[in-house]
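What follows is one structure encoded as structure tokens, with my remarks underneath.
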Amino acid sequence: MKVILVNGSPHKKGCTYTALTEVEKTLNEEDIETEIFWIGTKPLVGCTACLKCAEIGRCSFDDSVNDFLDIVNDADGFIFGSPVHYAAASGAITSFMDRAFYSALIGGKQSFYLKPAAAVISARRAGTTATFDQINKYFTISQMPIVSSRYWNMVHGSKPEDVKKDLEGLQTMRILGRNMAWFLKCKDAGTKAGIQLPETEEIIFTNFIKD
Numbered sequence: 078m079k080v081i082l083v084n085g086s087p088h089k090k091g092c093t094y095t096a097l098t099e100v101e102k103t104l105n106e107e108d109i110e111t112e113i114f115w116i117g118t119k120p121l122v123g124c125t126a127c128l129k130c131a132e133i134g135r136c137s138f139d140d141s142v143n144d145f146l147d148i149v150n151d152a153d154g155f156i157f158g159s160p161v162h163y164a165a166a167s168g169a170i171t172s173f174m175d176r177a178f179y180s181a182l183i184g185g186k187q188s189f190y191l192k193p194a195a196a197v198i199s200a201r202r203a204g205t206t207a208t209f210d211q212i213n214k215y216f217t218i219s220q221m222p223i224v225s226s227r228y229w230n231m232v233h234g235s236k237p238e239d240v241k242k243d244l245e246g247l248q249t250m251r252i253l254g255r256n257m258a259w260f261l262k263c264k265d266a267g268t269k270a271g272i273q274l275p276e277t278e279e280i281i282f283t284n285f286i287k288d
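Pasting the structure below:
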């Protein structure tokens, strides 16, 4: 079993990375394979709703989003980490997730379907819960079970050294890792026991414009 941890910070080994590595270490202790995927610092355009992904099965803008989409099918779970920028997720991770999730949906892939996910948030001070809520919305619209910890998944500090002093935040990361590992093992056991996936329905889009 494998979990991909997405680092949505412009700093490759900053505060968000420090939080993610605490989760990663715990997952590895639970015999879960991991990979940290950094979205990088190159400009990431937002989704333009061109619908090209429906034709080619990937995003029409060929950047780190497509690099990520190339590996998601091999993952059993996901952790998405973001710093707080103006009380919200960073612009880069927002564009990244908009396009990655939309490409998977419109492209007809089941890349995220019923795979557990969690958000990890890093901030100097405030804006963490708003960012946490924002990222979780990607999971709920994609039928992804959300794995929780004993507190909202956040760490505080303006540099990695500060995060390492946030003992409660680091504990939250470790509990998240153990809970993710437990969920994955339970899902694997259920699959091996012959439990089938839920029955699916054709998507219904309601038009709220009345004649």
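Each residue of the sequence shown is one higher than the last, beginning at 78 in our numbering.
Even glycine gets a Cβ: it sits at the ideal position worked out from N, Cα and C.
Over what stretch of residues does the beta strand (DSSP E) that includes residue i continue unbroken?
i           : result
residue 111 : 110 to 115
residue 157 : 154 to 162
residue 82  : 79 to 84
According to DSSP, is residue i part of a helix, a strand, or is it coil?
i           : result
residue 240 : helix
residue 105 : helix
residue 199 : strand
residue 231 : strand
residue 89  : coil
residue 266 : helix
residue 165 : strand
residue 194 : strand
residue 252 : helix
According to the Cβ coordinates, are residue i and residue j closer than 8 angstroms?
i           : j           : result
residue 121 : residue 173 : yes
residue 181 : residue 128 : no
residue 85  : residue 167 : yes
residue 195 : residue 218 : no
residue 274 : residue 100 : no
residue 119 : residue 139 : no
residue 206 : residue 158 : no
residue 169 : residue 237 : no
Start and end of the alpha helix (DSSP H) containing residue i?
i           : result
residue 169 : 168 to 183
residue 214 : 205 to 217
residue 131 : 130 to 133
residue 145 : 141 to 146
Give the C-beta separation of residue i and residue j to the nearest angstrom, bearing in mind that I take them to be a contact with Cβ-Cβ under 8 angstroms.
i           : j           : result
residue 96  : residue 161 : Not a contact, Cβ separation roughly 12 angstroms.
residue 175 : residue 123 : 6 angstroms
| said: Under 8 angstroms, with one C-beta from each stretch per pair, do the region 78 to 94 and the region 146 to 157 reach the 3-pair mark? | reply: yes
| request: Decide if the region 255 to 272 is in contact with the region 87 to 107; the criterion is three or more beta carbon pairs, one per stretch, under 8 angstroms apart. | output: yes
| query | So does the region 224 to 232 actually touch the region 245 to 254, counting three or more Cβ pairs closer than 8 angstroms? | reply | yes
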